[in-house]
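So the sequence shown is numbered by this note's numbering: it starts at 23 and just counts up by one.
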Amino acid sequence: LVIPDQNLSVYQEAIACWRGDSMKKWVERLISTADLYGFPIHKPYYQLTEEQKQLLWTGNRHFYGLNRFFEHLEEKKYKIQYRVLLSRYRGKTICPECKGTRLKKETSYVKVAGSSIQELVSMPVSELNGFFNSISLEETDMKIAGRLLTEIKQRLKFLLDVGLPYLTLNRLSSTLSGGESQRINLATSLGSNLVGSMYILDEPSIGLHPRDTHLLIGVLRELRDLGNSVLVVEHEEEIIRAADEIVDMGPEAGRLGGEIVFQGLASQTDSNPSLTSGYLSGRLEVKVPAKRRKWNSFIEIKGARENNLKDIDVKFPLHTITAVTGVSGSGKSSLVTDVLYSVLSNKINGNNLKPGRFRELGGDFSRLTGIELVDQNPIGRSTRSNPVTYLKAYDEIRKLFAEQQLSVQNSFKASHFSFNIEGGRCEECQGEGIIRVEMQFMADVELTCESCKGLRFKKEVLEVRYQGKNIHDILDMTIDEAIEFFSSHQGKSEKRIIEKLKPLADVGLGYIKMGQSSSTLSGGESQRVKLAYFLSQEKGSGHILFIFDEPTTGLHFHDINKLLKSINALVEHGHSVILIEHNVEVIKCSDWVIDLGPEGGEAGGFVVFAGRPEDLALQKDSHTGRFLAHKLRL
């Protein structure tokens, strides 16, 4: 807020609140005295040292800093113009007293091997592990701290083993991804040394680079060797191959699943007809495209410096599928989400996001008509929201039911078949099918509505039938069942319904129910519903840049094939796609790869490679390249 454009220097009015005739005296004092203490007034703000940035806030005996400026505004806030000015620059900032450490200054006086607790919790786990492994204490101190050091080193090792070397101990839990939280819980379980327990893990490899997968496998085996049983729900090939026993459910999803189609070792899958066995044995595969798309137009981000990014310049091709890869913590989300998406969203969609630090936006961004971040956030928080309402397929179904003879006789309109508005819905439960009973200090209890028996509509509305099915029967079908049902009675209305539903099946969601509440969908399912929505749009709807953050989360090999077809369809529609991805099957099918690294945290943030997947596979210094070479059989 105070320094919105960090590419400007102090002389170029980088400090927003010191612009204008009435406030310029504050900056003029700084400029006129800068030579006395060697402050570079012509250097861009982002190039200043931490001490120089701090000086702007604290000031010295020659000029008043920003802290004194805002104190002055507080003193004058009885005047309306000063209150307005204060509100313009008010927001969350680092506490000047504790510098964001949340501890009193006195606590920093206590040091272990020359470092305070504030300094230690700010180190990445990998650096902290090195500190404690090389620590040197006097004999008396070592006797006191010996047991503590053993426990600390053991817990740090567990965090390293689950692939989290880049995290700092003062990182807020609310900022962790689902995969990171799960792996921290796994490290905690290891530290507890429990035996005779059963651990059930749901996709612990989410967000994990293939480089770290073998570490995770080692942790799972360590839990097993302690005398525990470990059940893992997983799609990651290496973890499946490392299992002592595979239980494969199928043969497909939804009503076509629910059976055990294989049980045994990975080495016994060759003769089994299941889909998982087919991909493990090599009978089935995610095929590499016959040719890569070539590109001429691009978007360029210059001087990206957000978080750990090292002032990098990156070109993102248009009309292609671009994969942004790298180990966890290498800077992928910082580059794509914080910088690229934020700045383009502000320019194209007219948003007011705060972009990550960068120097310049270049290239052909003016050719874009929109930008969409297809993330894993829910598509709707209401229990009445569902995938078919999101894709507008339910609008067509309601119109179809309103055209039936009994509807015409009763003067039912399409709105009577909606559970969002009054008319045909059950008013006892307001179309939810359940009654929610608040239990004050306990979790709410959900009871089936006694009036509609959970069917959500009034009795007279449920009497309207299309080909023997009422509106509740339709909502109780899976997407695949509904497509099959409407395909057998094809008129204009039915064709429109199928056109709206087919994208859901194409992205591998044929097993979900038509009326399934959006709040019950996983993050990966919500992301694919959004993808299906864009696939349902007509061709020629402009040139949109789509950004997907790990779209393969929760996907089987077979579903990855479907996903890739859908993503390719977006490019064929005239759009551009950027994927933040660890899955090697997707990376090998991309047109262009931007690999960040070489490591996570402070050791990352560089562009290791940018080019075709085949060329990345030949890069010896790229972790992604090594695993890609194996998949491409190079």
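Every residue, glycine too, gets a C-beta built ideally from N, C-alpha and C.
Since residue i sits in a beta bridge, which residues does DSSP pair it with?
i	result
valine 396	Phe570
aspartate 270	Phe284
arginine 83	DSSP lists no partner for arginine 83.
glutamate 382	Lys324
isoleucine 457	Leu469
arginine 447	Phe479
threonine 500	Lys535
glycine 633	Val615
valine 346	Ile602, Ile616
valine 134	Ser137
aspartate 224	Val255
phenylalanine 338	Ile321
methionine 464	Met461
threonine 190	Pro146
proline 66	Ser31
Just to confirm, is the Cβ distance from residue i to residue j under 8 Å?
i	j	result
serine 598	threonine 342	yes
proline 21	glutamine 549	Shown here, the chain extends from 23 to 656; a query on residue 21 therefore has no answer.
valine 147	leucine 189	yes
lysine 535	threonine 500	yes
tryptophan 614	threonine 411	no
leucine 638	leucine 656	no
phenylalanine 439	arginine 420	yes
glutamine 290	valine 269	no
valine 688	isoleucine 323	In this structure the chain extends from 23 to 656, so residue 688 is not present and cannot be described.
aspartate 466	arginine 458	yes
serine 211	leucine 245	yes
leucine 413	tyrosine 488	no
leucine 30	tyrosine 67	yes
isoleucine 600	phenylalanine 338	yes
arginine 305	alanine 288	no
valine 606	isoleucine 582	no
leucine 357	leucine 390	no
isoleucine 589	tyrosine 363	no
leucine 567	leucine 577	no
phenylalanine 380	alanine 326	yes
isoleucine 116	threonine 129	no
valine 3	leucine 178	This structure gives no information on residue 3, because the portion of the chain shown stretches from 23 to 656.
arginine 41	glutamate 35	yes
Thinking residue i and residue j are a contact (beta carbons under 8 Å), I'd like their distance in whole angstroms, please.
i	j	result
glutamate 225	valine 255	6 Å
phenylalanine 579	valine 308	6 Å
phenylalanine 91	threonine 55	Between threonine 55 and phenylalanine 91 the Cβ distance is about 16 Å, and since that is not below 8 Å, they are no contact.
leucine 238	leucine 230	6 Å
phenylalanine 434	glycine 446	7 Å
asparagine 151	leucine 182	6 Å
histidine 604	proline 232	7 Å
Within the same chain, show all residues whose beta-carbon is closer than 7 Å to that of residue i, passing over the 5 residues directly before and after it, in chain order.
i	result
threonine 235	Ser227, Glu258, Glu260, Ile261
glycine 351	Tyr188, Gly622, Gly623, Gly626
alanine 415	Ile519, Lys522, Leu523
asparagine 294	Phe284
Can you find the residues in the same chain that come closer than 8 Å, C-beta to C-beta, to residue i, ignoring five residues on each side of it along the sequence?
i	result
glutamine 641	Asp617, Val630, Phe631, Gly647
glycine 279	Met271, Gly272, Pro273, Tyr533
glycine 657	In this structure the chain extends from 23 to 656, so residue 657 is not present and cannot be described.
proline 26	Ala38
leucine 484	Leu477, Asn492, Ile493, His494
glutamine 426	Val486, Arg487, Tyr488
lysine 561	His595, Gly596
Just to confirm my understanding: we take residue i, look at its own chain, exclude 5 residues before and 5 after, and list those with CB closer than 6 Å. What are they?
i	result
isoleucine 174	Phe154
valine 310	Lys610
isoleucine 157	Ala135
valine 132	none
valine 32	Ile63
glycine 546	Thr575, Gly576
Check whether the Cβ of residue i sits closer than 7 Å to any heavy atom of the ligand COA, and report yes or no.
i	result
aspartate 43	The model on display carries no ligand, and the ligand COA is accordingly not part of it.
(request) Tell me, please, whether the segment 535 to 542 touches the segment 392 to 411 by the rule of three or more beta-carbon pairs shorter than 8 Å. (result) Result yes; three or more Cβ-Cβ pairs closer than 8 Å.
(message) With a threshold of 8 Å, are at least 3 pairs of Cβ atoms found where one atom belongs to the segment 306 to 326 and the other to the segment 383 to 397?
(response) yes
(request) Give a yes or no on contact between the segment 172 to 186 and the segment 196 to 213, applying the rule of three or more CB pairs nearer than 8 Å. (result) yes
(message) So, does the segment 467 to 480 touch the segment 441 to 452, judging by three or more C-beta pairs under 8 Å?
(response) yes
(message) Under 8 Å: do the segment 486 to 496 and the segment 515 to 531 share three or more Cβ pairs, one atom per stretch?
(response) no
(request) Spell out a yes or no on whether the segment 362 to 372 and the segment 241 to 251 are touching, meaning 3 or more CB-CB pairs, one atom from each, closer than 8 Å. (result) no
(request) Check whether the segment 508 to 519 touches the segment 395 to 402, taking contact to mean three or more Cβ pairs, one atom from each stretch, closer than 8 Å. (result) no
(request) Assess, as a yes-or-no matter, whether the segment 326 to 334 is touched by the segment 625 to 634 under the definition of 3 or more beta carbon pairs within less than 8 Å. (result) yes
(message) I want to know whether the segment 89 to 97 touches the segment 105 to 114 - three or more CB-CB distances under 8 Å.
(response) yes
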